[in-house]
Structures are given as C-alpha cells and as structure tokens.
Amino acid sequence: MKTLLIFGATGAVGSQLLAQALQHKDVARVVAPTRRPLPAHPKLTNPIIDFEALPVDASWWKADIAFCALGTTLKQAGSASAFYRVDHDYILRLAELSHAAGTKSFVLNSTLGAAVDGPGLYLKTKGATERDVMALGFDALTIVRPSLLAGAVRADTRTGEEFGLWLNRCLGRLIPLKWRAISVTKVAQTMLSAGLSAKPGTHIIESAQIHQASV
Numbered sequence: 007m008k009t010l011l012i013f014g015a016t017g018a019v020g021s022q023l024l025a026q027a028l029q030h031k032d033v034a035r036v037v038a039p040t041r042r043p044l045p046a047h048p049k050l051t052n053p054i055i056d057f058e059a060l061p062v063d064a065s066w067w068k069a070d071i072a073f074c075a076l077g078t079t080l081k082q083a084g085s086a087s088a089f090y091r092v093d094h095d096y097i098l099r100l101a102e103l104s105h106a107a108g109t110k111s112f113v114l115n116s117t118l119g120a121a122v123d124g125p126g127l128y129l130k131t132k133g134a135t136e137r138d139v140m141a142l143g144f145d146a147l148t149i150v151r152p153s154l155l156a157g158a159v160r161a162d163t164r165t166g167e168e169f170g171l172w173l174n175r176c177l178g179r180l181i182p183l184k185w186r187a188i189s190v191t192k193v194a195q196t197m198l199s200a201g202l203s204a205k206p207g208t209h210i211i212e213s214a215q216i217h218q219a220s221v
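If you're matching positions, the sequence shown starts at 7 in the working numbering and goes up one per residue.
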C-alpha cells in the first residue's frame, strides 16, 4: 500500500489524479498540499500551504511517489516572469523538497513539445523544468507530455485552446495521434499507472503513447 504526494490537486489534471488515487486499491494515503481546502476523505491529508513559504520540515514531504500537475498560463500569471515562477520555480522547489525528504519516485505532468530551445515561453519553460527535475536524481522519474487537454473545467477562457478543441472535433482521426486532444481523465490515469509501476530511470511518455496506453 502506497503513500502518494500530489501537487496541483485542484487543477484540471491534478483533480482527476486525486480522485483516482483516493479510489485506488493500492493507495493507503494521499497527501495533497493546496492553497485552499479540499473536500474531506478518509485517505486524504490536505496541508494548506503558501508556495512562497513552504513548510520545509513537514513530515509529509516523504512519500512513496510524488506527482506534480501544477501549472498556470501566461494570462493567469500576468507576466512572463510570474508564469516562469509557477511553472518552473515552484515545481522545481517541490521536487527538491520531496527528493531531499527521501521520496524516490516522481511523476511530472509536462506538455507535448517541451524543450529548452523550443519556440515560445511555454515550451521553453516546460523544457527547463524537465531538465532541472531530471538533474535532481530521483531513482525513478516519469515525465508525461500530453497534447491539448480535453474535458478540463476552466475558470478562465483560453481562446487558443478552445479553437484547438473545436478543430479536433471537426477533423477527428484525420489529426495525427500525437497532436490529437486527450482527456484529462486519460492523462491522470496514465500518470497514476506509471507512478505505481515505475521502474528505475527516467521515462518519458509522449501524447501518442498516452492515447495508446491501456490503464
């Protein structure tokens, strides 16, 4: 029976991941640190945190597996530097503290096309985050790179995302598998399955593999 640590549990993918983890027969306890309280559950421990002042000595940093689905958008963040702070600095700090506490396995939700030398702030930031989390030396690291997310409940309007989903609905299977929209439920299932079955080393799961995964 595993103890899981989930960051980003109020987001589109993270909320699905949390729900699935709480129902999984092999999971005894889930620690989900958030800025606002989550609904109570017998398996759930929900520390309320401030990402600018993390409780570095908390006992809950050590888990069997840590998952990170934290992320924002440039629109939500308000500036490029604020976006980078959330999608790189916060994530890296969470990974550092988990690793330092003795957590051996880490699962990171990234994005299709993430690359340090990629086009645009979003892909460059995701690439830098992947690179720096890899450098921490987790025994097992899984990076999931989904394409456009379908089924996400958003508080904000994302015009580009909405257009992409509309295009996916129109063209369907004409779109190559790697570019095809993928449900947040499927991404969460893939993350949970990969974490629970992770083997030593770094493993990258691309969007096409998420579509094809049997979980």
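The C-beta atom is built at its ideal place from N, Cα and C for all residues, glycine as well. Since this is a predicted model, take the numbers as computed values, not measurements.
What does a CB cutoff of less than 7 Å around residue i pick up in its chain, not counting 5 residues either side in sequence?
{"i": "Thr78", "result": "Phe89, Val92 and Asp93"}
{"i": "Pro39", "result": "Phe13, Pro53 and Ile55"}
{"i": "Gly207", "result": "Ala146"}
Between the Cα of residue i and those of the options, spot the shortest distance and give me the residue it belongs to.
{"i": "Leu103", "options": "Lys81, Ile210, Ala72 and Val190", "result": "Ala72"}
{"i": "Arg35", "options": "Ser213, Pro48, Pro43 and Ser111", "result": "Pro48"}
{"i": "Gln96", "options": "Pro125, Gly108 and Lys132", "result": "The sequence given here has Tyr at residue 96, not Gln. Minimum Cα distance to Tyr96 is reached at Lys132."}
{"i": "Ala106", "options": "Asp145, Leu80, Asn115 and Thr9", "result": "Asp145"}
Using 10 angstroms around the beta-carbon of residue i, count the other beta-carbons present and answer buried if the total reaches 16, otherwise exposed.
{"i": "Gly20", "result": "buried"}
{"i": "Lys205", "result": "exposed"}
{"i": "Met7", "result": "exposed"}
{"i": "Lys192", "result": "buried"}
{"i": "Pro152", "result": "buried"}
Enumerate in chain order the residues of its own chain whose CB-to-CB distance from residue i is below 6 Å, with the five nearest sequence positions on each side excluded.
{"i": "Phe215", "result": "It is Gln, not Phe, that sits at residue 215 in the sequence shown. Excluding sequence neighbours, Gln215 sits near nothing in its chain."}
Going by the beta-carbon positions, is the gap between residue i and residue j smaller than 9 Å?
{"i": "Val139", "j": "Leu147", "result": "yes"}
{"i": "Thr37", "j": "Thr16", "result": "Note on identity: in this sequence residue 37 is Val, with Thr being the wrong assignment. No, Cβ-Cβ distance for Val37 and Thr16 is not below 9 Å."}
{"i": "Leu202", "j": "His30", "result": "yes"}
{"i": "Leu44", "j": "Leu24", "result": "yes"}
{"i": "Thr9", "j": "Asp70", "result": "yes"}
{"i": "Ser213", "j": "Leu118", "result": "yes"}
{"i": "Leu80", "j": "Thr135", "result": "no"}
Could you round the C-beta distance between residue i and residue j to whole angstroms and report it? I think they count as a contact, below 8 Å.
{"i": "Val122", "j": "Lys130", "result": "6 Å"}
{"i": "Val113", "j": "Ala18", "result": "So it is not a contact: roughly 16 Å between Cβ atoms."}
With a CB to CB cut of under 8 Å and the five nearest residues on each side skipped, what residues in its chain are close to residue i?
{"i": "Ile211", "result": "Thr148, Ile149, Val150, Arg151, Thr196, Ala200 and Ala219"}
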